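Heads up, the sequence shown is in UniProt numbering, so the first residue is 1 and it goes up one at a time. We put the beta carbon where it would ideally sit given N, CA and C, even for glycine. Here the structure is a predicted model, which is why all the values come from computation and not from measurement.
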Amino acid sequence: MEYTDDSAMTRSLAESLIEKQDLDIVDLAQRFAKSYEEQPDRRYGSGTVTVLKAWRKNVEKTNVKTPAKNLFDGQGSYGNGGAMRIAPLALFSYNNYDKLLHYAKEATEITHTNQLGINGAILQAIAIQQSLCLDSNKELNVNDFVDDLINKMDKIEDESSKLYREQLNLAKNLLSEPGDDPNEQRVVEELGVNVSALESVPTAIFCFLRAQRRIKNIKTDNQLKRTIQYAITLGGDTDTIASMAGAIAGAFYGYQKFSPLLLSHCEEWERFRAMADKLFDIATSIDVNK
């Protein structure tokens, strides 16, 4: 199965972090543009394409964010393009929370300057970081996981804009309902499954948490696989939501949950695993106080 823009941009971010051993947004922009130029048929979003084409002319630190700022009459994109590629940064900065927040914002702003797009990427990064720091051999308390995210977003979102906290509370309510599980249509209507970060990142988190237990009509005991399959059943922006949910689940369960059969269907999986190993080595060797 060929990957889409999610994995293409994730790969570029990982390669930049490995090469520079730091976040270099100019290098990152150049890699994004080069990757798009070489393989433009990875289903990139229209706003991102506009930015990538603008970078062909000239990319410097003083102007790297300008094309993104000019999108949508100066409002910037609130899409999930920043969140979908953020996993390498979450691994790179998993032991330095303040750096994680700063880098997630910086790496997102070069293509998505709307606050909703930025906060969605930050939330996704936090969710991955939380998963990395948990023990998958112990039962995951889904309510505590969501509460931790809500508390962290409380320090990030303005008082006038509590949208992500509201979405996370919706997800928590859906997870906590007694009796039968909420059907897919309710999840779609209440959380959303579209390309906006607000209506996809909390959905991805919900998919990961809901897959902690069995789901009707999804016949697998592998929670990571169940997470991805469930995200796909919801429809909408399936490749991105499944990718984000899979990133959170992968951070929690680790490589051992990926079956050889599943990996055999994934384009360049060996390359992505090697990059993850390198990022982990860098993350555990650098001074967390820098």
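Item, Value
"Quick one: what's Gly-236 bridged to in DSSP?", "None, per the DSSP bridge assignment."
"Whose C-alpha, out of Ala-90, Ile-86 and Leu-91, is nearest the C-alpha of Ile-241?", "Ile-86"
"Please name the residue or residues paired with Lys-79 in a DSSP beta bridge.", "It is Gly, not Lys, that sits at residue 79 in the sequence shown. Answer is Ser-196."
"Can you tell me whether Ile-18 is helix, strand or coil according to DSSP?", "helix"
"On a Cα-Cα basis, can you pick out the residue from Ile-218, Ser-200, Arg-165 and Lys-34 that is closest to Ile-150?", "Arg-165"
"Compute the beta-carbon to beta-carbon distance between Ala-8 and Ile-128, rounded to the nearest angstrom, for a pair I have assumed lies under 8 Å.", "That belief does not hold up - the Cβ atoms of Ala-8 and Ile-128 are roughly 19 Å apart, past 8 Å."
"Just how far apart, CA to CA, sit Phe-208 and Gln-229?", "10 Å"
"What are the uninterrupted segments assigned as alpha helix (DSSP H) that are 4 or more residues long and contained completely in the segment 58-109, given in chain order?", "66-69, 71-74, 81-84, 87-92 and 97-109"
"As a quick exercise: from Cys-133, His-102, Asn-137 and Tyr-78, pick the residue whose alpha carbon is nearest that of Thr-113.", "Tyr-78"
"Which of helix, strand or coil does DSSP assign to Ile-25?", "helix"
"Does the distance from the CB of Leu-17 to the CB of Pro-67 come in under 9 Å?", "no"
"What are the partner residues of Ile-218, as DSSP defines its beta bridges?", "Ile-215"
"Going by C-alpha distance, which of Leu-261, Asp-154, Cys-133 and Asp-73 is nearest Asn-95?", "Cys-133"
"CB Leu-28 to CB Phe-92, shorter than 9 Å?", "no"
"So, does the CB of Ser-12 fall closer than 9 Å to a CB anywhere in chain D?", "The structure shown contains no chain D, having only a single protein chain."
"Going by alpha carbons, who is nearest to Leu-52 out of Glu-19, Thr-62 and Ser-35?", "Ser-35"
"So is Val-49 buried or exposed if we call it buried at 16+ other beta carbons inside 10 Å?", "exposed"
"Going by alpha carbons, who is nearest to Ser-176 out of Asn-143, His-102, Ala-83 and Asp-237?", "Asn-143"
"Verify whether the separation of the beta carbon atoms of Ala-83 and Ala-125 is less than 9 Å.", "yes"
"Would DSSP call Arg-42 helix, strand or coil?", "coil"
"Out of Ala-107, Ala-104, Asn-137 and Tyr-255, state which residue places its alpha-carbon closest to the alpha-carbon of Asp-277.", "Tyr-255"
"To the nearest angstrom, how far is it from the Cα of Val-187 to the Cα of His-102?", "31 Å"
"On the CB-based measure, 16 or more other CB atoms within 10 Å of its CB, does Pro-202 come out buried or exposed?", "buried"
"Let's see if you can read the secondary structure: which residues bound the alpha helix (DSSP H) around Asn-151?", "142-154"
"Could you have a look at Tyr-253 and say whether DSSP puts it in helix, strand or coil?", "helix"
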